[in-house]
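Residue numbers (this note's numbering): 3 to 268. A virtual CB, placed ideally from N, CA and C, is assigned to each residue, including glycine. All values derive from a computational prediction rather than experimental measurement.
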């Protein structure tokens, strides 16, 4: 029985008040692993964001151990930027657990995620931006949001943007994630054409001076289009999580309005 189940049983038996249980769940349990990790086991319950393990800088054994421990208390774990060696060690440690690639990340465990009602749209300027954008969509999808994406619609052929924007308007997203490298112009263009928040996702696609994503992020930060916010270079996890939090919150508001009540507090 994990900590969440123990807490719920204590509430059901009267040993713990609902208020105390809420505080415990928001604080969460910390699990220490051989002095190399302090795992926040309550994050997914507290935040509504799935557990994400950043593999870069961690050994395959460390990543596999972290994932195995996290899966004792949650249904799924996302591993960002794993190498083939990381993947092999995870598969060896968790041979019965499903694993699938999503862009430059892998999703471990989990069945079908219950839909939240939130809707996230996505656009990439070029095909080279896809791995980072797919990571963002994987995170948003694992948070229950419905996602719709279109790719290779950058400003080098801006007429390619018209049809995808029409499809996205019919999809009626709560927000958009727009990924671009090079000069990073697409998010500003899109933000000037839509009435929902846009999350700019700069990527390290490019060459020469500023081609590591510097030019892209600076261009997005200097946008003159209100409604565009920007995450760091290649931060697909942050873009996807923020987009899904916005979309899922909007879905709560829609449901509340349909039922004639106010939405739940933060």
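Check: For residue 89, the nearest candidate out of 171, 120, 229, 56 (CA to CA); Outcome: 56
Check: DSSP-derived helix/strand/coil call for residue 106; Outcome: coil
Check: Residue 240 - DSSP class collapsed to helix/strand/coil; Outcome: helix
Check: Buried or exposed (CB count within 10 angstroms, at least 16 for buried), residue 131; Outcome: buried
Check: The alpha helix (DSSP H) enclosing residue 139, as first and last residue numbers; Outcome: 132 to 144
Check: Residue 268 (DSSP reduced to helix, strand or coil); Outcome: With a pLDDT of 48 at residue 268, under the threshold of 50, the modelled position of this residue cannot be trusted; read the value that follows with caution. Residue 268 falls in the coil class under three-state DSSP.
Check: Distance CB(residue 189)-CB(residue 180) smaller than 8 angstroms; Outcome: yes
Check: Secondary structure of residue 3, DSSP reduced to three states; Outcome: With a pLDDT of only 48 at residue 3, under the threshold of 50, the placement of this residue in the model should not be trusted; the figure read from the coordinates follows. Residue 3 falls in the coil class under three-state DSSP.
Check: Selection from 51, 11, 69 that minimises the alpha carbon distance to residue 39; Outcome: 69
Check: At least three beta-carbon pairs within less than 8 angstroms, the stretch 114 to 123 to the stretch 170 to 186; Outcome: yes
Check: Distance between beta carbons of residue 76 and residue 53, contact taken as under 8 angstroms; Outcome: 6 angstroms
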